Each structure stands twice: as C-alpha cells, then as structure tokens.
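Working notes, beginning with the structure itself.
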Amino acid sequence: GTADLRRLLSEALDALRPVAVERRMTLALDLPEVPVFVPGDADQLTQVFQNLVDNALKYGRPDTPVVLRLAQGQPPAPAMIGIAIVDRGIGIPRDHIPRLTERFYRVNAAESRNRGGTGLGLAIVKHIVNRHGGVLDIESEPGEGSTFTVWLPLAAGSAAEDGNVVPLRARVS
Ligand code: ATP
Ligand code: MG
C-alpha cells in the first residue's frame with residue numbers, strides 16, 4: 060500500500076498527547092504544505108513513530124518540547140524523506156549509539172527499568188524501517204538531547220518528490 064505520511068504522523072502524535080501532558084512536555088509537528096506519500100504499511104509505520112515519540116517523551120525532560128519535522132534527502136538520495144524526532148532529554152553516550160537497536164539493549168538498565176518498557180522498541184523500529192527500504196539515523200549529545208531520523212523512499216508521484224520539502228540540516232547515512 061501507500062501511506063499518507065502527514066496524516067499518519069498527526070495521528071501518531073495525537074495518540075501520545077496525553078502522555079506528553081502527563082510528562083509536562085509539548086509535542087510539535089512541523090509539516091510541509093505538500094502531500095507526502097511513502098510506499099508501505101501505514102500501521103507498521105505508525106508503530107515506528109509512536110515508538111520514537113514514546114522514547115522522546117520517556118527520556119525527555121519536563122518543560123521541554125519534542126519536535127517532529129520533515130526533511131528532503133540531499134543528493135545522492137533526493138527521493139528520500141527524512142522524519143526527524145528531536146528531543147531535549149538526557150541524550151545517549153556515543154559508545155552506546157551503535158547498540159541501541161539490539162533487542163533488550165538499554166543504556167542504563169536500572170534507570171530504564173524505572174521508566175518502564177522492555178528494550179524492544181528500537182529493535183522493532185529498525186526492523187520495520189529496513190523492511191520499508193529505509194534507514195534509521197541516530198544523533199545525540201549527552202545532556203543536550205537526541206535526534207532520531209527515519210529515512211524512507213518517497214512514493215512515485217508524491218508532491219515532495221519535486222523538492223517541495225525544504226531540506227533541513229538532516230543528512231542521509
Ligand atoms: P520499550 O521501547 O520496549 O518500552 P525502551 O524504551 O527502554 O523500552 P528502546 O525503545 O528499544 O527500549 O530504547 C532502548 C534504549 O535506548 C532505552 O532504554 C534508552 O536507554 C535509550 N533511548 C532510546 N531513545 C532515547 C532517547 N530519545 N533519549 C535517550 N535515550 C534513549
Ligand atoms: Mg522505547
């Protein structure tokens with residue numbers, strides 16, 4: 060199938076607004092004015108973004124925002140769309156980043172247990188993203204926050220294909 064990314068992201072965020080309120084955080088969604096479609100399964104992609112926003116809220120700090128924004132791929136991959144989830148939370152030490160998508164891997168086991176969950180979220184995210192021909196890019200600065208960017212191939216005929224989505228500082232890796 061083909062998934063309407065703007066609609067899917069709005070719905071994923073709406074589902075998590077109560078969690079944000081509880082954590083005294085805000086959710087902001089910065090969407091382009093043109094339609095953005097990607098080939099894939101809307102339910103699975105919703106699971107991807109709910110997991111990433113759940114993490115951003117869980118490992119974020121009260122009174123900070125979580126921002127979702129889209130970026131067009133730069134050459135050599137202009138037909139990719141990047142969906143970045145940006146938090147201003149605890150961040151992740153560099154050494155841990157390559158292992159985050161392993162099943163049950165958690166940076167600080169004791170602290171993560173307090174926050175709930177099993178350590179499967181990012182393993183599932185990576186699996187689904189790869190099955191959609193995409194990649195997951197993780198950038199983080201301990202004490203500053205993290206940016207998780209999902210890069211997905213755009214559907215043929217998607218308005219974003221013509222470079223209508225303003226490229227941000229995100230990159231393809
Ligand atoms: P689950 O997703 O199963 O509820 P979880 O959130 O602990 O549990 P993952 O989503 O796979 O598991 O994340 C793995 C680990 O990566 C987390 O335990 C946490 O240590 C770290 N992590 C994930 N997202 C962030 C983030 N936005 N900021 C800081 N650390 C993060
Ligand atoms: Mg998680």
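First residue of the sequence shown? That's 60 in our numbering, and the numbers climb one at a time after it. We treat Cβ as the ideally placed atom computed from N, Cα and C, and that holds for glycine. Remember, it's a predicted structure, so these values are computed and weren't measured experimentally.
Check: Whole-angstrom distance between L127 and G141, CA atom to CA atom; Outcome: 10 Å
Check: Start and end residues, beta strand (DSSP E) containing A71; Outcome: Where A71 is concerned, there is no enclosing beta strand (DSSP E), although the alpha helix (DSSP H) it sits in stretches over L64 to E81.
Check: Local conformation of Q103 per DSSP, three classes; Outcome: helix
Check: V97 beta carbon less than 8 Å from that of L211; Outcome: yes
Check: Sequence-distant residues of its chain with Cβ nearer than 8 Å to L68 (five each side left out); Outcome: L88, L90, F108, L127 and I142
Check: Cβ neighbour criterion (16 or more within 10 Å) applied to T85; Outcome: exposed
Check: Where E198 sits in the DSSP three-state scheme; Outcome: strand
Check: heavy atom of ligand 1 below 7 Å from I187 C-beta; Outcome: no
Check: Environment of A229 [buried if 16+ CB atoms lie within 10 Å]; Outcome: Only weak support exists for where A229 lies, its pLDDT of 39 falling under 50; the value from the coordinates is given anyway. With 16 or more other Cβ atoms within 10 Å, it is buried.
Check: Same chain only: Cβ atoms within 7 Å of R158, ignoring 5 sequence neighbours per side; Outcome: Y164
Check: Nearest residue (CA-CA) to I156, options R162, V166, G148 and R147; Outcome: V166
Check: Spatial distance of I197 from F207 (CA atoms); Outcome: 5 Å
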